[in-house]
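One structure is given below, encoded as structure tokens.
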Amino acid sequence: MDKGIEIPAIHQRAIEGAMEFAGANLHRGESVAIAGRNGAGKTVLLKALLYKMKKNVGWVSNYREPFLDLRVQEVIEIAQMNQSNIKTENILQSFSLLNLRNHGVNVLSDGEFMRLMLARVTAQDPEVFLLDEPDAHLDFYYKEELKSIVQDWLSNGKVVIYSTHDEQWVRPASQLWWVENGKVTTEEAAHFEFQKIGNR
Amino acid sequence: MRLSTAVVAVLLLLVLSLLYGSAGWSWELENWSSPIFWELRLPRSLMALLAGAGLALAGYWMQLLFKNPLASPSVLGVTNGASLGVAFVTMAAQQIWGYNFPELTLLAAFAGAMAVLLLLALVRVRLNNLTSLLIFGVMLGHLAGALETIFQRAAARNDLPNLIYWSMGSFSKVSMPQVVGLLVCLIFVIFIVTRNHRSIDVFSLGERIAVSMSVSPSGISNVLIFCSGLLTAVITAFCGPIAFIGLAAPHLAKLWWPYRTQLRLIPAVAITGMFIALFCDVVARFMDLPINAITSLIGAPWVMWWLYQNKTQHHG
Chain A
14 MDKGIEIPAI HQRAIEGAME FAGANLHRGE SVAIAGRNGA GKTVLLKALL YKMKKNVGWV
74 SNYREPFLDL RVQEVIEIAQ MNQSNIKTEN ILQSFSLLNL RNHGVNVLSD GEFMRLMLAR
134 VTAQDPEVFL LDEPDAHLDF YYKEELKSIV QDWLSNGKVV IYSTHDEQWV RPASQLWWVE
194 NGKVTTEEAA HFEFQKIGNR
Chain B
-12 MRLSTAVVAV LLLLVLSLLY GSAGWSWELE NWSSPIFWEL RLPRSLMALL AGAGLALAGY
48 WMQLLFKNPL ASPSVLGVTN GASLGVAFVT MAAQQIWGYN FPELTLLAAF AGAMAVLLLL
108 ALVRVRLNNL TSLLIFGVML GHLAGALETI FQRAAARNDL PNLIYWSMGS FSKVSMPQVV
168 GLLVCLIFVI FIVTRNHRSI DVFSLGERIA VSMSVSPSGI SNVLIFCSGL LTAVITAFCG
228 PIAFIGLAAP HLAKLWWPYR TQLRLIPAVA ITGMFIALFC DVVARFMDLP INAITSLIGA
288 PWVMWWLYQN KTQHHG
């Protein structure tokens, strides 16, 4: 039977950004939305999970590394490192990046860059996807597109954890985690906090 | 550009550089076994070839490490660190212990270069602003330069010309064993980097992505620091501080070739460095000027142009 995927507990002191999280066991195909106000620590939580897990985990954010001039195609090739069961071309195709394959990452628009990061993590093919506000910079069309990408990952038995400000993204998630003052609440308590903000 | 075209260009320059020197064309020498050819021109040309490749690679890896297109051995003060080490063992030691240690030159240059690079790598964590880091490196270079001047002031008068000539940079005061020594270093360093080539490519995607792909950012930083530091130190110890090749070669290589991954760009960057160094060396020979004057005369305006060009398309 499905043993699920263990998400580690986090006890982090103030120096790296205070964070208390009890850990969780997620079923394959489950998604988690992390919500909270600006500066509440959503990114801190995601980053702490990344550094704790290290293996079989994928990372997407809209942060652009300075002086990154790899070509689009090379980024995908690098991500395929160990496993190359999916063709580079197919991945570029499905993220509408085929005509940009020889462009440098530094000339991409913010939206194109985000698509490349999503394509890269798809090529990497981890068990757990950590996405830091993945819909930022995406236009209306690609926001819808992103939903179906996440759906694909989930139906392939992956676990997707993302931070968001958008109610549209909270609703479809299997779980909601609420971050406030470096503490994470889950289940009904999280929904209660989220509703409080929404009803104001 | 095709790599083979570049190889032919470099070979032509190498032949030209072998054929000419202050004693005239090589066929005008009394015979082909002339020591002028075997003991002066051959090591000089080969050193220009290898030092060009080495400085270019050192610059390339420093730009990767600091994620900064203006990073290079001379800009970040690494060459100054190496110079300071050399100045210390050759001049200050003479004053303090009444003996200088020519045999320690290499070690001192290495220690100086490494000290600057390690300091930069340490403050990099605090100075997440890249411009600050660059200025920090430039300031370190000035500091090392000032100390060097103090050593020079303290030096005995008859030692001074040697150091001044050394600081102008030259491929000509080298011997065949030094050429072989640099070749061994180059092979060693390229071996280390190619063994880690994919991790370095992942590293360039950013710290968090690197962690998610089981690559240790600090481990790769150390590899890049060690390799670029070793090359800079050895070349500076043998040839003096040589500016701009490390800065310009990676950019020119990227202009000429579309590749951006380690495995494909390393030969391109190395060939470009060889080309620039040999070209400057040939110009320096025909005009009888120090090599550093040539590299700076060509390099400085080029960087200004580059900055001017890139201002508009810089992503925040």
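Residue numbers (our numbering), protein chains in the order written: chain A, 14 to 213; chain B, -12 to 303.
Don't be surprised by glycine CBs; every beta carbon is placed ideally from N, CA and C.
- For residue 196(A), the uninterrupted beta strand (DSSP E) run begins and ends at 196 to 198, by DSSP.
- Look at the stretch 17 to 72 of chain A and you find these whole runs of alpha helix (DSSP H), each 4 residues long or longer: 55 to 66.
- Secondary structure at residue 174(A): strand, using DSSP grouped into helix, strand and coil.
- Here residue 163(B) is exposed, its C-beta having fewer than 16 other C-beta atoms within 10 Å.
- Distances from the alpha-carbon of residue 100(A) to those of 132(A), 128(A), 81(A) put 132(A) closest.
- The secondary-structure analysis by DSSP pairs residue 7(B) across a beta bridge with 12(B).
- Residue 118(B) is outside the set of residues whose beta carbon lies under 8 Å from a beta carbon in chain A.
- Contact note: residue 21(A) does not reach chain B at a C-beta cutoff of 7 Å; the least C-beta distance is about 14 Å.
- Excluding five sequence positions before and after residue 139(A), the CB atoms of its chain that fall closer than 6 Å to its own CB belong to 69, 70, 71, given in chain order.
- Residues of the stretch 135 to 151 of chain A with a Cβ closer than 8 Å to any Cβ of chain B, in chain order: 137, 139, 143.
- Exposed is the label assigned to residue 85(B), since fewer than 16 other Cβ atoms lie within 10 Å of its Cβ.
- Residue-level contact check: residue 245(B) touches chain A, since one or more beta carbons of chain A fall below 8 Å from its beta carbon.
- By the C-beta density criterion, residue 135(A) is buried, having at least 16 other C-beta atoms within 10 angstroms.
- A Cβ of chain B is located within less than 8 Å of the beta carbon of residue 72(A).
- Between the stretch 165 to 180 of chain B and the stretch 202 to 221 of chain B, the count of C-beta pairs closer than 8 Å reaches three or more; the two stretches touch.
- The DSSP-derived three-state label of residue 142(A) is strand.
- The contact set of residue 87(A) on chain B, defined by CB atoms closer than 7 Å, consists of 247, 248 in chain order.
- Residue 242(B) counts as exposed, since fewer than 16 other beta carbons sit within 10 angstroms of its beta carbon.
- Chain B has no Cβ within less than 8 Å of the Cβ of residue 169(A).
- When C-beta distances to chain A are compared with 7 Å, the residues of the stretch 182 to 205 of chain B below that value are 185, 188, 189, 191, 192, 193, 195, 196, 198, 199, 200, 201, in chain order.
- Each of 123(A), 145(A), 107(A), 112(A) was checked against the Cα of residue 165(A), and the nearest Cα belongs to 107(A).
- Spanning the alpha carbons of residue 93(B) and residue 227(B) requires a straight line of approximately 11 Å.
- Taken through DSSP and simplified to helix, strand or coil, residue 193(A) comes out as strand.
- When C-alpha distances from residue 209(B) are compared across 236(B), 114(B), 176(B), the shortest belongs to 176(B).
- For residue 83(A) and residue 246(B), the gap between their C-alpha atoms comes out near 8 Å.
- The alpha helix (DSSP H) runs of length 4 or more contained entirely in the stretch 107 to 159 of chain B are, from start to end of the chain, 117 to 141, 147 to 154.
- Distance from the Cα of residue 184(A) is smallest, within the candidate group 168(A), 196(A), 203(A), for 203(A).
- The beta carbon of residue 162(A) does not come within 8 Å of any beta carbon belonging to chain B, so the residue lies off that interface.
- The DSSP-derived three-state label of residue 193(B) is coil.
- Note: residue 117(A) is bridge-paired with 84(A) in the DSSP secondary-structure output.
- CA-CA distance, residue -9(B) to residue 178(A), rounds to 54 Å.
- Residue contact with chain A for residue 254(B): absent (no Cβ-Cβ distance below 8 Å to any residue of chain A).
- The closest CA to that of residue 34(A), considering only 40(A), 20(A), 102(A), is found on 20(A).
- For residue 233(B), the uninterrupted alpha helix (DSSP H) run begins and ends at 232 to 243, by DSSP.
- The Cβ atoms of residue 186(A) and residue 46(A) lie closer than 8 Å to each other.
- Sixteen is the threshold: when 16 or more other Cβ atoms of the shown chains lie within 10 Å of the Cβ of residue 188(B), as they do, the residue is buried.
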